[in-house]
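Enquirer:
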Amino acid sequence: MGKKVVVLGTGGTIAGRSERGSDNVGYKAGQVGVQSLLQDIAPLQAALQGRELVAEQVAQVDSKDMGFAVWAALAQRCAQHLQDTQVDAVLITHGTDTLEETAFFLEQVLPPALLQAKPLVLTCAMRPASALTPDGPQNVLDAVAVALDSAARGVLVVCAGAVHSARLVQKSYTYRVDAFDSGDAGPLALVEEARVRWLGKPAPMAPPRVVDLQALANTAWPRVEIVMSYAGASGAMVRSLAVPDANVPPLRGLVVAGTGNGTLHVDLEAALLEAQAQGTPVVRASRCARGQVVAGEGVAALPHSQGLSAVKARIALMLQLMP
Ligand code: SIN
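Residue 271 in the working numbering sits at position 270 of the sequence shown, with consecutive numbering throughout.
#1: Assuming D89 is part of the beta strand (DSSP E), what are its boundary residues?
#2: Determine which residues share a DSSP beta bridge with H266 and list them.
#3: Give the C-beta separation of T124 and V159 to the nearest angstrom, bearing in mind that I take them to be a contact with Cβ-Cβ under 8 Å.
#4: Taking V7 as the reference, give the member of M67, L322 and P120 with the closest Cα.
#5: Taking the alpha helix (DSSP H) that C79 falls in, what are its first and last residues?
#6: For S173, name the three-state secondary structure that DSSP assigns.
#7: Hey, would you say the C-beta of K29 is under 7 Å away from at least one heavy atom of the ligand SIN?
#8: For G96, which residues from the same chain have a beta carbon less than 8 Å from its beta carbon, with the 5 sequence-adjacent residues on both sides left out?
#9: Is the beta carbon of M238 within less than 7 Å of some heavy atom of the ligand SIN?
#10: Which residues share a DSSP beta bridge with E53?
#11: How close, in whole Å, do the beta carbons of L303 and Q277 come, if the pair is a contact with beta carbons under 8 Å?
#12: Could you compute how far the alpha carbon of L49 sits from the alpha carbon of S173?
#13: Out of G259, T264, A258 and V239, which one is the CA nearest neighbour of L252?
#14: Return the chain-ordered ranges of every beta strand (DSSP E) run that is complete within the region 126-151 and spans a minimum of 3 residues.
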């Protein structure tokens with residue numbers, strides 16, 4: 002048995018502060034250091050069952066501003082700690098707004114063998130640390146219970162007593178403390194009084210791929226943008242994205258959040274087909290919150306996102322386009 006649990010802090014509402022305890026929206030995210038956040042959770046010592054707690058601040062951001070540099074640093078720190086035989090589990094505290102993207106990114110780039118051996122658990126809060134009743138401390142305790150559960154594997158997200166897989170989790174509510182769900186699949190498990198009740202199996206691991214985490218930090222990430230189909234959509238957005246601009250890297254790929262089953266306004270579709278013909282890969286996701294694009298017979302002119310939401314399809318395409 003290892004002897005440590007590592008918590009990597011990245012900011013978010015869980016580390017947020019507002020001037021009044023009753024203010025759950027007018028706060029600044031990423032204000033409290035992870036060490037101090039953890040110190041304030043009295044039952045944490047007992048939850049660790051004798052293990053040492055190691056806290057490390059990897060970033061201190063509002064996750065709406067999450068970017069590739071933090072992702073690269075986080076992936077390196079996760080890999081380093083996961084391969085340490087003294088470490089039983091790694092947790093990440095993160096803002097809720099892009100948590101599903103970070104979880105999916107980490108699942109895609111970390112060596113599957115490391116994630117099969119130990120869980121990587123992301124947790125968060127919808128109320129700032131300064132709230133009258135903050136939800137962060139309970140989420141951290143639940144995340145520790147999951148991280149130390151013998152059945153826990155892969156990249157997991159814990160929020161409001163529910164456990165989700167990195168692939169399916171999405172933020173579904175703007176304000177409620179149970180902000181996340183896993184769509185049709187439902188949560189993988191529930192955490193009840195520090196006990197984990199599994200409802201399903203952790204999602205199958207992503208196919209093994211070798212990503213050089215060191216190189217990730219020094220690589221220019223391919224620019225992939227997301228567009229949406231809607232009533233009255235035109236091809237103007239897609240065509241303007243393709244125009245070279247000295248201030249931004251060239252467009253390398255597009256994800257479209259289509260209506261319903263990934264359908265597209267005829268004018269937008271024409272522009273996307275043009276972009277694809279000119280060498281820009283295009284992936285079709287759906288803007289619906291539930292379900293996934295279901296393929297019909299034959300080969301679609303624009304490939305679908307293999308069940309991924311638009312934001313996760315974008316990450317998958319960026320990684321695919323990396324040298
Ligand atoms: C953030 O995503 O960093 C702010 C919002 C939140 O954590 O709920």
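The C-beta atom is built at its ideal place from N, Cα and C for all residues, glycine as well.
Remember, predicted model here, so these are calculated numbers, not experimental data.
Expert: In brief:
#1: DSSP places D89 in the uninterrupted beta strand (DSSP E) bounded by V88 to T94.
#2: Per DSSP, none; premise fails for H266.
#3: The beta carbons of T124 and V159 sit about 5 Å from each other, so the pair counts as a contact at 8 Å.
#4: For V7, the nearest C-alpha among the options comes from P120.
#5: From DSSP, the alpha helix (DSSP H) with C79 extends over F69 to L83.
#6: In this structure, S173 counts as coil in the three-state DSSP scheme.
#7: No; taking the cut-off as 7 Å, the Cβ of K29 has no heavy atom of the ligand SIN nearer than that.
#8: For G96, where only same-chain residues beyond five positions count, the Cβ hits under 8 Å are T11, G12, G13, T14, I15, A30, G31, V62, D63, S64, K65, M67 and C125.
#9: Because no heavy atom of the ligand SIN lies under 7 Å away, the Cβ of M238 does not count as near it: no.
#10: E53 pairs with K5.
#11: Going by Cβ atoms, the distance from L303 to Q277 rounds to 7 Å, so yes, they are a contact pair.
#12: Cα-Cα distance, rounded: 31 Å.
#13: L252 has its Cα closest to that of V239, out of G259, T264, A258 and V239.
#14: Correct list: empty.
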